[in-house]
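J.: Structure below; questions to follow.
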Amino acid sequence: MLRQALRRSRDALLDLLFPPRCAGCRRLGALLCPDCLQALAPVGEAICVRCGVATTARCTCITCKSDPPDPLRGMRGVVFYGGVAAAAIQALKYEGKKQLAAPLGDLLVAYLDAHPLPFDCVTPAPLHANRLAERGFNQAELLARRLSEVKGLPLRTDLVFRQRHTSQQVHLNRQERRANMIDAFAPQPGAALSGERVLLIDDVCTSGATLRACGQALAAAGAGEIWALCVARAHPPIPLEPWQQGLTPAQLFMTVSGDA
Ligand SMILES: [Zn+2]
Ligand SMILES: [Zn+2]
62 MLRQALRRSR DALLDLLFPP RCAGCRRLGA LLCPDCLQAL APVGEAICVR
112 CGVATTARCT CITCKSDPPD PLRGMRGVVF YGGVAAAAIQ ALKYEGKKQL
162 AAPLGDLLVA YLDAHPLPFD CVTPAPLHAN RLAERGFNQA ELLARRLSEV
212 KGLPLRTDLV FRQRHTSQQV HLNRQERRAN MIDAFAPQPG AALSGERVLL
262 IDDVCTSGAT LRACGQALAA AGAGEIWALC VARAHPPIPL EPWQQGLTPA
312 QLFMTVSGDA
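Now the structure itself:
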């Protein structure tokens with residue numbers, strides 16, 4: 062905790078003394094340089110219109126035909142997770158580079174300018190109180206704040222909260238992620254929407270289980286149409302075959318990343 066605080070103070074001092082360094086290529090000059098912004102991989106138009114997963118054509122994917130992401134009207138991601146996007150999001154979350162919320166939030170703004178979604182207010186996916194205390198800030202809230210300021214629409218952080226600290230989802234499949242998220246979120250006491258359209262913001266989305274669970278709490282709080290938008294869309298983990306189970310973690314990592 063002390064080490065983190067010291068590192069944050071040191072970083073703040075360095076930022077004062079030196080110009081920012083690009084989160085992607087580490088060059089001096091910008092938080093995300095033009096070359097690295099150019100290197101981001103947009104998710105594009107060939108997506109499932111409900112869950113936003115990349116497909117070969119604009120459609121409703123097989124999963125959403127039987128299990129649509131209700132109550133979310135839809136989920137969208139701006140770029141694929143990886144490379145510069147992963148470096149920037151990790152620097153924001155884990156290195157406390159809060160200034161990155163501006164260029165990353167502007168990706169959300171640019172996406173909405175090109176692909177308008179209906180909303181009356183913006184709300185971030187909340188962190189559990191323990192995680193918030195540990196990190197000191199909610200990266201989704203910083204992104205949502207940037208968006209709300211640029212778009213001139215209210216930021217609501219008083220709608221839902223994370224009532225259960227969920228275990229890591231990285232190695233869970235789709236069904237397990239859903240089960241892991243049941244009742245993870247709840248409406249905040251006193252949160253009373255009367256059908257306002259809400260845009261739910263997060264940094265990364267994988268299966269969408271977190272956003273969907275958060276959407277359920279928003280619906281319980283009285284939200285009308287709910288859309289979810291995240292900066293980066295990660296590919297869900299590849300299910301492991303039984304023969305892979307005996308491998309060491311390092312070998313498993315190589316196998317999974319080699320296939321991805
Ligand atoms: Zn760069
Ligand atoms: Zn879908």
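Note that the numbering used here gives residue 300 to position 239 of the sequence shown, counting from 1, and the numbers run on in steps of one. Just so you know, even glycine gets a beta-carbon here, dropped at the ideal spot from N, CA and C.
1. Following the continuous alpha helix (DSSP H) through Thr121, name the residue where it begins and the one where it ends.
2. Can you name, in chain order, every residue of its own chain whose Cβ lies under 8 Å from the Cβ of Ala282, other than the five neighbours on each side?
3. Pick helix, strand or coil for Arg64, following the three-state DSSP scheme.
4. If you check the beta carbons only, do Arg192 and Asp167 fall under 9 Å apart?
5. Just to confirm, are Cys275 and Val139 a CB contact at a threshold of 9 Å?
6. Between the region 122–135 and the region 77–91, are three or more C-beta pairs nearer than 8 Å?
7. Counting only the same chain and skipping the five closest in sequence on each side, list residues whose C-beta sits under 6 Å from that of Arg69.
8. Please look up how many angstroms separate the CB atoms of Leu133 and Ala289, rounded, as I've assumed it's under 8 Å.
9. What are the boundary residues of the beta strand (DSSP E) that Ala289 is part of?
10. Going along the chain, which residues put their C-beta within less than 5 Å of some heavy atom in ligand 2?
11. Look at Phe198 and Arg223 and say whether their C-beta atoms are less than 9 Å apart.
12. Would Leu161 and Ala171 be called neighbours here (beta carbons separated by less than 9 Å)?
13. With a 10 Å radius around its C-beta and 16 neighbouring C-beta atoms as the bar for buried, classify Glu257 as buried or exposed.
14. When DSSP builds the beta bridges, which residues end up paired with Phe246?
15. Short of 6 Å in beta carbon distance, which residues of its chain neighbour Gln200, apart from the five on each side in sequence? Order them along the chain.
16. Just list the residues that DSSP pairs Ala115 with in beta bridges.
17. Applying the 10 Å Cβ sphere with the 16-neighbour rule, what's the burial state of Gly213?
18. Curious, which full-length beta strand (DSSP E) runs of at least 3 residues does the region 123–205 contain?
19. What is the DSSP secondary structure of Pro103, counted as helix, strand or coil?
20. Considering Cys275, what are the terminal residues of the beta strand (DSSP E) in which it resides?
21. On the DSSP letters alone, give me the boundaries of the beta strand (DSSP E) that Leu260 sits inside.
22. Going along the chain, which residues of its own chain have a beta-carbon closer than 8 Å to the beta-carbon of Pro80, five neighbours each way excluded?
23. Quick one: grab the DSSP three-state call for Arg87.
T.: On the basis of the supplied data:
1. The residue you call residue 121 lines up with position 60 of the sequence shown. From DSSP, Thr121 is part of no alpha helix (DSSP H); its letter is neither H nor E.
2. For the purposes of this step, residue 282 is taken as residue 221 along the sequence shown, with counting starting at 1. Once the five neighbours on either side are set aside, the close Cβ partners of Ala282 are Leu220, Val221, Pro248, Gln249, Ala252, Ala253, Leu254.
3. If you number the sequence shown from 1, residue 64 lands on position 3. Arg64: helix per DSSP, three-state reduction.
4. By 1-based counting over the sequence shown, the position of residue 192 is 131. By 1-based counting over the sequence shown, the position of residue 167 is 106. No, they are not a contact pair.
5. To locate residue 275, count along the sequence shown from 1; it is residue 214. To locate residue 139, count along the sequence shown from 1; it is residue 78. For Cys275 and Val139, no; Cβs fall outside 9 Å.
6. no
7. Against the sequence shown, residue 69 aligns to sequence position 8. Here the set comprises Gly157.
8. Start at 1 with the first residue of the sequence shown, and residue 133 comes out as number 72. Start at 1 with the first residue of the sequence shown, and residue 289 comes out as number 228. Leu133 to Ala289, Cβ: 5 Å. Contact.
9. By one-based count along the sequence shown, residue 289 stands at place 228. Note, Ala289: beta strand (DSSP E), 287–294.
10. Cys109, Arg111, Cys112, Cys122, Cys125
11. Mapped onto the sequence shown, residue 198 falls at position 137. Mapped onto the sequence shown, residue 223 falls at position 162. No, these two residues do not count as a Cβ contact at 9 Å.
12. Counted from its first residue, the sequence shown places residue 161 at position 100. Counted from its first residue, the sequence shown places residue 171 at position 110. No; because the gap between Cβ atoms is not below 9 Å, this pair is not in contact.
13. Here residue 257 refers to the residue found at position 196 when the sequence shown is read from its first residue. Glu257 is buried by the Cβ-count criterion.
14. By one-based count along the sequence shown, residue 246 stands at place 185. Paired residue(s): Arg223.
15. Position 139 of the sequence shown, counting from 1, holds the residue named residue 200. Leu153, Lys154, Asp264, listed in sequence order.
16. Residue numbering aside, residue 115 sits at position 54 when the sequence shown is read from its first letter. DSSP lists Ile108 as partners of Ala115.
17. Residue mapping note: residue 213 aligns to position 152 of the sequence shown, counting from 1. The residue in question, Gly213, is exposed, as its Cβ has fewer than 16 Cβ neighbours within 10 Å.
18. 133–141, 182–185
19. Position 42 of the sequence shown, counted from the start, is the residue given in the question as residue 103. Pro103: strand per DSSP, three-state reduction.
20. As a working mapping, residue 275 is identified with position 214 in the sequence shown. Run containing Cys275: none in the beta strand (DSSP E); it sits in the alpha helix (DSSP H), 270–281.
21. Numbered from its first residue, the sequence shown carries residue 260 at position 199. Where Leu260 is concerned, the enclosing beta strand (DSSP E) stretches over 259–266.
22. Mapped onto the sequence shown, residue 80 falls at position 19. Same-chain partners within the cutoff: Leu89, Gly90.
23. As a first step, residue 87 must be located in the sequence shown, where it is residue number 26. DSSP places Arg87 in coil when its eight states are reduced to three.
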